[in-house]
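There are 2 protein chains.
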Amino acid sequence: MDEKTYLETYDHHHFDTPLFSVDGLLYTYHEQQLKVLLVKRSNHPDKDKWGVPGGFIDKQLDNSLEDTVTRKLKEKTGIIPPYIEQLKTLGNNHRDKRGWSVTTCYTALMAHQDCSANSSAVSDAQWVNLDDLPEMDLAFDHEELIQLGRERLKQKALYSIVPAYALPEKFTLPQLQHLHELLIGKKIQKKSFRRRIEQADLLIETNEKVSDGGRPATLYRMKNESGGYTFIRNLG
Amino acid sequence: MDEKTYLETYDHHHFDTPLFSVDGLLYTYHEQQLKVLLVKRSNHPDKDKWGVPGGFIDKQLDNSLEDTVTRKLKEKTGIIPPYIEQLKTLGNNHRDKRGWSVTTCYTALMAHQDCSANSSAVSDAQWVNLDDLPEMDLAFDHEELIQLGRERLKQKALYSIVPAYALPEKFTLPQLQHLHELLIGKKIQKKSFRRRIEQADLLIETNEKVSDGGRPATLYRMKNESGGYTFIRNLG
DNA sequence: CCAATAGTGTCTATCAGACATTATCTA
DNA sequence: TAGATAATGTCTGATAGACACTATTGG
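Chains E and U, in that order, are what the protein sequence lines are. Everything in the first sequence is counted per this note's numbering, starting at 11 for the first residue and increasing by one. Everything in the second sequence is counted per this note's numbering, starting at 11 for the first residue and increasing by one.
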């Protein structure tokens, strides 16, 4: 049989294909805490449990996996998060009651204020503090996935300023530093933190300042390419 | 409908599932060059072209994606490579003529000498120098995948000694350094390279030495946990 | 001896850690 | 002015880069 004939008679249902989904682990930083977006499942299995946004690819709508995760996250937040990166693909025969199942997970970051799920009209999506997850009995292995994403963010905090995407467009250095400290799990020397950011020229200083009870802090914006910058030496 | 009824009547063929495969990018170092294992495709599509080892999951044989890639690599090499790590999942509607297709790729390393594909009896698998790939017209997007894996290995070379898994069990520091230089694409200071490995106590010195025309070099073995060690400061 | 490769000594530059000091706001 | 928070100055320590030097083999 030549390839043309093969393709004409090909039916992908013949293959031993697992269930395949795409999940988006969307984190943000709000009120000094790290939060993740959860949605209430409206379908079986694990109906009515909370889980991360995600679902199946739509062969009509999506040209790539990135399209799928972007579409799913936009459905729940109203916007496309400014930072989306593939985390890991998990596949085995026990994570889903329906049998062999694969999920490709993405880590995403956005500002809390930019998310329409904050609206009181939305009841099937909410930001949840990561410390509160153990009591929530999430769907499938989603709690494990969220911890995996958090580990990745910790690494990012050690050698980049990617966590800044979890902040509003304009933010202060003390805010960013606190977020990094939260992710890394220990205090950072203020001087070290500022030095490396200044030397790598990653931020744009604005004229604005905001006060938090003491001397007002300068607001900064990220430069376009700063998310891709990696320091040659880690913090911690 | 309750969950029990749902699961009893569930048929995964109802879903808009893409084709899903697992690929193993297996690299090694031999005769001063970086090589990747290719196998000749025996089935459509892209029949008779060369590509990386991989295939579909087998719901009977595999409990996880790692099982799948391990099984596929063992089929072609005779052993399970000592280093296997997930690289990336690529999914879109144009990489496979059959339509929407997803592949989860793993990067793997092993010693050239340990691979039974070197046997003259094997004609459907071969190690190919990475520089020779452009002339080979590989199947699907496999050339791109191989470059992605190579990029990841370059990063590993900057902050770990993971590339050592591409060498025989016993190897010399000049061998390892040359492999790192190949991956990074530039010369490393001999002193810097040795210092960091010694300080982190990553290798076991053997009594044996091998000569390469000058003063014989000491053979070393990796410690068990050394693959997981990351330096806090990069080379380069 | 020389050529070749392995391995060390040592100086410098860079950058994170520590921590004291100064600056700028509000009450 | 006191209290709080932001931002800086400056010393130390760790470690990579540079490069000269010594060591050990074969011919």
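Heads up, the beta-carbon is just placed ideally off N, CA and C, and yes, glycines get one too. Source: prediction; values computed, not measured.
Taken through DSSP and simplified to helix, strand or coil, H122 of chain E comes out as helix. When CB distances to chain U are screened at a threshold of 8 angstroms, the residues of the region 86-119 of chain E falling below it are Q96, K98, T99, L100, G101, N102, N103, H104, K107, R108, G109, W110, V112, T114, in chain order.
Taken through DSSP and simplified to helix, strand or coil, D141 of chain E comes out as helix. Taking 8 angstroms as the upper bound for CB-CB distance, T113 of chain U and S31 of chain U are in contact here, some 5 angstroms apart. The bridge partners DSSP lists for H190 of chain U come to none. Burial state of H122 of chain U is buried, judged by a 10 Å Cβ sphere holding 16 or more other Cβ atoms. Taken through DSSP and simplified to helix, strand or coil, Q199 of chain U comes out as coil. In this chain, the alpha helix (DSSP H) harbouring Y169 of chain U covers 152-169. T99 of chain U sits in a strand when the DSSP states are folded into three classes.
Look at the beta carbons and you see the region 198-213 of chain U touching the region 229-237 of chain U: at least three pairs across the two are nearer than 8 angstroms.
For the region 47-80 of chain E, the beta-carbon criterion of a distance under 9 angstroms to any beta-carbon of chain U is satisfied by N53, H54, P55, D56, K57, F66, I67, D68, K69, Q70, D72, N73, S74, L75, E76, D77, T78.
By the Cβ-count criterion, G195 of chain E is exposed, with fewer than 16 other Cβ atoms from all chains shown falling within 10 Å of its own Cβ.
Contacts between R243 of chain U and chain E, judged by CB atoms closer than 8 angstroms, involve I242, R243, N244 in chain order. Just so you know, the alpha carbons of D151 of chain U and G101 of chain U end up roughly 11 angstroms apart.
Between the alpha carbons of V46 of chain U and L163 of chain U lies a distance of about 12 angstroms. By a beta-carbon distance limit of 8 angstroms, D58 of chain E contacts K50 of chain E. Their separation comes to about 6 angstroms.
Short of 6 angstroms from the beta carbon of C125 of chain U, and not among the five residues preceding or following it, lie these beta carbons of its own chain, in chain order: T87. V220 of chain U is bridged by DSSP to U:A227. DSSP places K84 of chain U inside the alpha helix (DSSP H), whose first and last residues are 75-87. K84 of chain U is positioned such that its CB atom lies no closer than 8 angstroms to that of G65 of chain U. By the Cβ test, the region 104-119 of chain E is in contact with the region 153-169 of chain E, since at least three Cβ pairs between them sit closer than 8 angstroms. A direct Cα-Cα distance of roughly 12 angstroms separates I94 of chain E from G238 of chain E. Out of U:Q70, U:P63, U:H40, U:P92, the CA that lies nearest to the CA of N234 of chain U is found in U:P92. M120 of chain E is a Cβ neighbour of L36 of chain E, given a cutoff of 8 angstroms. Per DSSP, the continuous beta strand (DSSP E) segment holding H40 of chain E begins and ends at 29-40. With at least 16 other beta carbons inside 10 angstroms of its own, A149 of chain E counts as buried. Counting along the chain, no beta strand (DSSP E) covers L212 of chain U, and no H or E run does either. Beyond the five residues adjoining it in sequence on each side, K107 of chain E comes within less than 7 angstroms, by CB distance, of P55 in the same chain, given in chain order.
One alpha carbon belongs to E41 of chain U, the other to T80 of chain U, and they sit about 26 angstroms apart.
Per DSSP, the continuous beta strand (DSSP E) segment holding V49 of chain U begins and ends at 43-50.
For V172 of chain E, no pairing in a beta bridge is given by DSSP.
At the C-beta level, Q185 of chain E and L177 of chain E come within 8 angstroms of one another. In the three-state DSSP reduction, G64 of chain U falls in the strand class (E or B).
Under DSSP, no beta-bridge partner is assigned to V132 of chain E.
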